[in-house]
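Asker: Below is one structure. I have some questions about it.
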Amino acid sequence: MPLPSVPGPRPAPQPGPLRPEPPRPEEVHVLLLGLDDLAAALAVLLLRCGVLGLNVNDGSPVAAPDLGTGVYRPADLGRPRDEALRRRLRALDPRCVPVSAPELFPGALLPGTVVVRSTGHPRPGGGAVWAEPALDPRHPLVSLHHADGALLRWPTVPWAHRPCPDCLRATLGARAPGPVPGDPGAVLTAWARPAHAAAVAGGLAVEVLAVALDALWDDALEGEAVPAVQRGAPEGPDGGWPRARLLAPPWPGDGTPLELDRGLCLCGLGQA
Numbered sequence: 393m394p395l396p397s398v399p400g401p402r403p404a405p406q407p408g409p410l411r412p413e414p415p416r417p418e419e420v421h422v423l424l425l426g427l428d429d430l431a432a433a434l435a436v437l438l439l440r441c442g443v444l445g446l447n448v449n450d451g452s453p454v455a456a457p458d459l460g461t462g463v464y465r466p467a468d469l470g471r472p473r474d475e476a477l478r479r480r481l482r483a484l485d486p487r488c489v490p491v492s493a494p495e496l497f498p499g500a501l502l503p504g505t506v507v508v509r510s511t512g513h514p515r516p517g518g519g520a521v522w523a524e525p526a527l528d529p530r531h532p533l534v535s536l537h538h539a540d541g542a543l544l545r546w547p548t549v550p551w552a553h554r555p556c557p558d559c560l561r562a563t564l565g566a567r568a569p570g571p572v573p574g575d576p577g578a579v580l581t582a583w584a585r586p587a588h589a590a591a592v593a594g595g596l597a598v599e600v601l602a603v604a605l606d607a608l609w610d611d612a613l614e615g616e617a618v619p620a621v622q623r624g625a626p627e628g629p630d631g632g633w634p635r636a637r638l639l640a641p642p643w644p645g646d647g648t649p650l651e652l653d654r655g656l657c658l659c660g661l662g663q664a
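FYI, the numbering for the sequence shown is 393 to 664, going by this note's numbering.
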């Protein structure tokens with residue numbers, strides 16, 4: 393009976409193209425300006441994803457609506473938001489030492505830096521209604537704006553291209569009316585608001601991580617003498633500015649696109 397054939401030695405694997413070592417979430421630095429319940433939930437999710445470099449800023453007191461996502465506790469009512477959030481982040485992960493100092497945020501030359509700004513609905517009358525820290529104009533900005541129970545997600549732009557209150561008011565003017573008070577849609581919207589905010593925070597956490605990874609990966613490629621992709625202002629499907637998204641409760645993931653209207657910009661940011 394013939395003996396079974398014995399396989400010979402396998403050929404050595406051929407070396408593939410060199411790849412940079414994957415970045416780590418500890419290399420990500422996030423500056424949060426405005427710490428409502430959604431932004432606080434976003435900070436906690438980023439921490440759980442491994443982001444330790446958190447700079448949280450909002451000295452306004454914790455109010456009852458801030459308890460919606462469960463990050464702030466009833467005992468935090470009346471305390472400064474940044475103080476309460478720093479305490480919560482340290483309790484969740486002792487490796488995290490959050491600060492509340494925009495002036496300590498690294499410049500955009502350090503890859504993996506992202507600014508998140510969460511503000512209320514801009515008041516009529518023009519002019520900025522929030523404090524604007526002196527930041528590197530190249531920082532990528534994830535911008536959130538609350539408007540009558542909905543959330544306007546402005547496209548991710550460099551800090552130099554951030555929207556002013558006039559841009560926001562003009563863009564929000566194109567939105568459709570919300571549900572009629574007292575009908576089932578309005579009731580479900582009220583019931584589901586905390587769940588909607590938590591779901592939106594989860595999506596935003598992934599967006600922030602993607603923006604940071606994009607810069608970190610390009611930096612690693614440049615370190616390997618591989619040219620990185622050149623990026624300028626963000627573009628939409630038609631080559632112009634992308635659209636904003638109106639994220640209204642109750643259904644997470646449903647977003648109404650809005651065309652950006654920067655024709656009334658009085659601060660000059662729309663011309664940048």
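Yeah, the Cβ is synthetic: ideal placement off N, Cα and C, and Gly gets one too.
In this text, all values refer to a predicted model and were calculated from it rather than measured experimentally.
Less than 6 Å between C-beta atoms, sequence neighbours within five positions excluded: which residues of the same chain meet that for residue 617?
Answerer: Any reading at residue 617 must be qualified, since the residue scores a pLDDT of 46, below 50, and its modelled position is unreliable; no value is offered.
Asker: For residue 648, collect the residues of the same chain with a Cβ closer than 6 Å to its Cβ; drop the 5 residues on either side in sequence, then sort them by chain order.
Answerer: 638
Asker: With distances taken Cα to Cα, identify the nearest neighbour of residue 510 among 657, 636, 426 and 418.
Answerer: 426
Asker: With a threshold of 7 Å on Cβ separation, who are the neighbours of residue 419 within its own chain once the five nearest residues in sequence on each side are excluded?
Answerer: 504 and 608
Asker: Apart from the five residues on each side of it in sequence, which residues of its chain come closer than 6 Å, Cβ to Cβ, to residue 525?
Answerer: Same-chain partners within the cutoff: 494.
Asker: For residue 589, which of 430, 655, 452 and 413 has the nearest alpha-carbon?
Answerer: 430
Asker: If contact is defined by three or more beta carbon pairs under 8 Å, each pair taking one atom from either stretch, is the segment 477 to 485 in contact with the segment 446 to 463?
Answerer: yes
Asker: Do residue 654 and residue 578 have their C-beta atoms within less than 9 Å of each other?
Answerer: Not in contact: residue 654 and residue 578 (Cβ atoms no closer than 9 Å).
Asker: Going by the CB atoms, is the gap between residue 424 and residue 508 shorter than 9 Å?
Answerer: yes
Asker: What do you get for residue 559, buried or exposed, if any count of 16 or more other CB atoms within 10 angstroms of its CB means buried?
Answerer: Burial call: buried.
Asker: Just tell me which of 643, 576, 571 and 545 has its CA closest to the CA of residue 599.
Answerer: 545
Asker: Buried or exposed for residue 458, going by 16 or more other Cβ atoms inside 10 Å?
Answerer: Around the beta carbon of residue 458, 16 or more other beta carbons lie within 10 angstroms, which makes this residue buried.
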